[in-house]
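For reference, the structure is listed below as structure tokens.
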Ligand code: B12
């Protein structure tokens, strides 16, 4: 192979990017600023880096036949190297990612501060909120893709990557730089100088907290999952990393334990769990599935590691909650498509809705077995007017059963530790990457959460961001956050004697549908 | 040779009827059928069918466990009566989850299926380092060591254990599995076999020991 450059033409806008011979197509696209919203770090598993070849697609790989069928011109960018000029179309791009927008909040007025910035450093999406504390308003907000995404979609891959010092520099540098850049963008937007910001508070899971601090997070990737930051309260960090003056107050929200991060600390504050007298359950539904239970004035927390199925990763028609994703189905079975238009795939909330329909229609039994259809295949096509492009396969149900079984088992075990029954819950609060898109009724039909009266289920958009803003506003809230480090009782499900039975029992779907 | 009581045993295992399995096992003994044959052609054949269905995704983890409970109901009755001079097993397998990892459900069901297929299983548990594997390999003299891990971050621990086992006990075969593991990785660490699911785990064990088995 020569190292001549090839031209990759991107449709429909006709942009041309250069790629050197033998370079991975995904890497070439990333260099040109095209990141894919979720990824499995180039193993061909998640199927999100799909591109459509306009002519002469490269030889199809087994995984692609599985995903797209033999005759398809779709390919996974991570599996192919560029060896000729080509013309492609990218279907799911990070551009359409879901912003973590916050609706207006109360109690942000504060005499203690003037203009402050809170940053929710998500594994996938980073959101920046600027608050005018005199008026108590969010005056600007913006979200962008976490630049670490190019090194791996999930936390474990990034921790693994961080084991080499030069990789760590990249992970840390790109993260801090992206936040610094976004603060610059905001100052430019208002036409004022960065020096007007007099406080910055960052919040993230434990891995993000470590990366912000410049640490590789050694210990977070293996049992017993210890972090050195567990009892240190708010972590001071130099404002200079973010282009701010040295005297700007700059900190990261306290983490609670190696697998319960500052995002959960902030979430507890936002949901007022530490002050409630009722029994409340808080679920951050995502890859890690953190669960917090407030009961009888005490707090318990755990992490259940559901896997990425709720984000649509690894499921045959799965895609993140972006434009074109089916996010749910109506009572009649019509799809709700994000952004309208043709459906391109199904996102996590769409799957929950689909599984709930399959149970109700008797297409699937409570063990998760799909009734055999005419082709002797265990598959279900949720759309009537499509030629089978979007489907639910038996393997998808199995992956979902693992994810939902883990969450539901976590809930059962927390309740049993607190000595209450799931039906004694006064409220279940769902937050997380699709927290407010989810259909509460469907989550109960599939048995993800306990069967409760519908009005007891609430959703909360970006609890972590909200909590960070509250901590920024009031010293009292910061004290609450610090107190959580010793107040929350941690339940470790790894090695928990009841976990296996609870997990297995919850893999089944509830019977009475 | 198809014997009705063995077929009934197998069917009762597949259909999760523990009480019937126990009853049929007792009946087989009373009627003078060799217990090792009832285990192999009845119980093991039933679990083999369950494994087939699992691999075809027609059933899932809970079914394996429920069927295995039915299988053990019969196994416990037959095991103690195995005819003298006949060994109750086809070989010894040491199984465990590698250091740094607590995920043990996959390991647990692999163990059940191997036991059902007639191997003697020594379960070391989870979060185990090189020393524990070497120590047990010395005492138990297994033909196979089966390693499991579910996390990408603990795969290097699997590599290390495999290497040390091969160095210390060249005659022992190592088979590996768990969600992030694949054949490429298995080859790169010089493991002798990789199994994607419980069914392949059983086939792997037969293959490594050179036992002919139609499935
Ligand atoms: C259940 C679960 C847990 C339980 C584990 C309980 C237990 N006792 O095992 C709990 C909740 C405790 C847990 C915790 C964590 N988990 Co977890 N967990 C899962 C989950 C949901 C299912 C795993 C499972 O049991 N599968 C069912 C079994 C039957 O399948 P299996 O193990 O793959 O086994 C099959 C095959 O692989 C094969 N096989 C297995 N072993 C062997 C061995 C041989 C020799 C052979 C031949 C075959 C074979 O046969 C089996 C059947 O066919 C997965 C996600 C997912 N959806 O898969 C995450 C997952 C494995 N967990 C993960 C993580 C990161 C964690 C945590 C570190 C997260 C955290 N920050 O809290 C913790 C720490 C765990 C610990 N303390 O060690 C990650 C791993 C990611 C990675 N790339 O490394 C996953 C993939 C989720 C994710 N984030 O994507 N988890």
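Residue numbers (this note's numbering), protein chains in the order written: chain A, 3 to 515; chain B, 2 to 216. C-beta: ideal position from N, C-alpha, C; glycine also. Given the structure is predicted, the values throughout are model-derived calculations rather than measurements.
Open item on the list: Could you give the first and the last residue of the continuous beta strand (DSSP E) run that contains residue 320(A)?
Closed with: Counting along the chain, no beta strand (DSSP E) covers residue 320(A), and no H or E run does either.
Open item on the list: Checking the sheet assignment: what are the DSSP bridge partners for residue 142(A)?
Closed with: 132(A)
Open item on the list: Does the segment 226–242 of chain A come into contact with the segment 205–217 of chain A, if we say contact requires no fewer than three beta-carbon pairs (one atom in each stretch) closer than 8 Å?
Closed with: Because the criterion of three Cβ pairs below 8 Å is met, the segment 226–242 of chain A and the segment 205–217 of chain A touch.
Task: chain A residues whose Cβ lies nearer than 7 Å to that of residue 128(B) - done: 225
Task: Rounded C-alpha distance that separates residue 267(A) from residue 466(A) - done: 8 Å
Task: Short CB-CB distance (under 8 Å) between residue 370(A) and chain B - done: yes
- [ ] Please confirm if residue 190(B) has its CB atom under 8 Å from at least one CB of chain A.
- [x] no
Task: Residue-chain proximity (residue 289(A), chain B), Cβ-Cβ < 8 Å - done: Under the Cβ criterion of 8 Å, residue 289(A) is not counted among the residues facing chain B.
TODO: Could you run through the segment 51–66 of chain B and flag, in chain order, every residue whose CB is less than 8 Å away from some CB of chain A?
DONE: 58, 59, 60, 61, 62, 63, 64, 66
Task: Option nearest residue 211(B) by Cα separation, candidates 174(B), 75(B), 196(B), 186(B) - done: 174(B)
Open item on the list: So the candidates are 427(A), 406(A), 252(A), 256(A); which of them puts its Cα closest to the Cα of residue 490(A)?
Closed with: 256(A)
- [ ] Determine the closest residue to residue 349(A) out of 382(A), 364(A), 394(A), 373(A), with distance taken between C-alpha atoms.
- [x] 394(A)
Task: Residues near residue 291(A) in its chain [Cβ-Cβ closer than 6 Å; skip 5 each side] - done: 306, 308, 409
TODO: Report all residues from its chain with a CB closer than 7 Å to the CB of residue 108(A); omit the five preceding and five following residues, and keep chain order.
DONE: none
- [ ] Determine, using beta carbons only, whether residue 509(A) comes closer than 8 Å to chain B.
- [x] yes
Open item on the list: Give me the chain B residues within the contact set of residue 482(A), using Cβ-Cβ distance strictly less than 7 Å, ordered along the chain.
Closed with: Near residue 482(A) there are no residues of chain B at all, since even the closest Cβ is about 32 Å away, more than 7 Å.
- [ ] Please compile the residues from chain B whose C-beta is within a distance smaller than 7 Å of the C-beta of residue 496(A).
- [x] 103
TODO: With a threshold of 7 Å, establish whether the CB of residue 149(B) neighbours any heavy atom of the ligand B12.
DONE: yes
Open item on the list: With a threshold of 7 Å (Cβ to nearest heavy atom), would residue 158(B) be considered close to the ligand B12?
Closed with: No - the ligand B12 has no heavy atom lying nearer than 7 Å to the Cβ of residue 158(B).
- [ ] For residue 57(A), count neighbouring Cβ atoms within 10 angstroms of its own Cβ and tell me buried if that reaches 16, exposed if not.
- [x] By the 10 Å Cβ count, residue 57(A) comes out exposed.
Task: Neighbouring residues, chain B, relative to residue 400(A) (Cβ below 9 Å) - done: 58, 61, 62
TODO: Starting from residue 186(B), trace the alpha helix (DSSP H) both ways and give me its first and last residue.
DONE: 184–189
TODO: Grab me the residues of residue 99(A)'s own chain with a C-beta within less than 7 Å of its C-beta, minus the 5 sequence neighbours each way, in chain order.
DONE: Residue placement at residue 99(A) cannot be trusted, given a pLDDT of 48 that sits under 50; what the coordinates show is reported in the next sentence. Beyond the five residues adjoining it in sequence on each side, residue 99(A) comes within less than 7 Å, by CB distance, of 39, 127, 147, 324 in the same chain, given in chain order.
TODO: Give the residues from the segment 151–167 of chain B that approach chain A closer than 7 Å (Cβ to any Cβ), ordered along the chain.
DONE: Close to chain A, meaning a Cβ-Cβ distance shorter than 7 Å, are the following residues of the segment 151–167 of chain B: 152, 153, 154, 155.
Task: Complete runs of the beta strand (DSSP E) confined to the segment 383–469 of chain A [at least 3 residues] - done: Those beta strand (DSSP E) runs which fall completely within the segment 383–469 of chain A and span 3+ residues are 429–434, 459–461.
TODO: Identify whether residue 472(A) lies in helix, strand or coil by the three-state DSSP scheme.
DONE: helix
Open item on the list: At the 8 Å Cβ level, is residue 106(B) part of the contact set with chain A, yes or no?
Closed with: yes
Task: CB of residue 166(A) within 8 Å of CB of residue 135(A), strictly - done: Cβ atoms of residue 166(A) and residue 135(A): not closer than 8 Å.
TODO: With residue 73(B) as the anchor, note down where its alpha helix (DSSP H) starts and where it stops.
DONE: 62–80
TODO: Could you check the C-alpha separation between residue 86(A) and residue 150(B) for me, to the nearest Å?
DONE: 40 Å
Open item on the list: Please return the same chain residues whose Cβ sits closer than 6 Å to the Cβ of residue 4(A), not counting the five positions on each side in sequence.
Closed with: Reliability fails at residue 4(A), whose pLDDT of 42 lies under 50, so the model's placement of it is uncertain and the value that follows must be treated cautiously. Hits under 6 Å: 23.
- [ ] Would you kindly report the start and end of the unbroken beta strand (DSSP E) that includes residue 205(B)?
- [x] First-last for residue 205(B): 199–209, but that is the alpha helix (DSSP H), not the beta strand (DSSP E).
Open item on the list: Between residue 122(A) and residue 470(A), how many whole angstroms is the CB-CB distance? I'm expecting something under 8 Å.
Closed with: 6 Å
Task: residue 84(B) burial status per 10 Å Cβ neighbour count (16 or more: buried) - done: exposed
TODO: Please list, in chain order, all residues of the same chain as residue 131(B) whose beta carbon is under 7 Å from its beta carbon, the five residues on each side excluded.
DONE: 161, 162, 165
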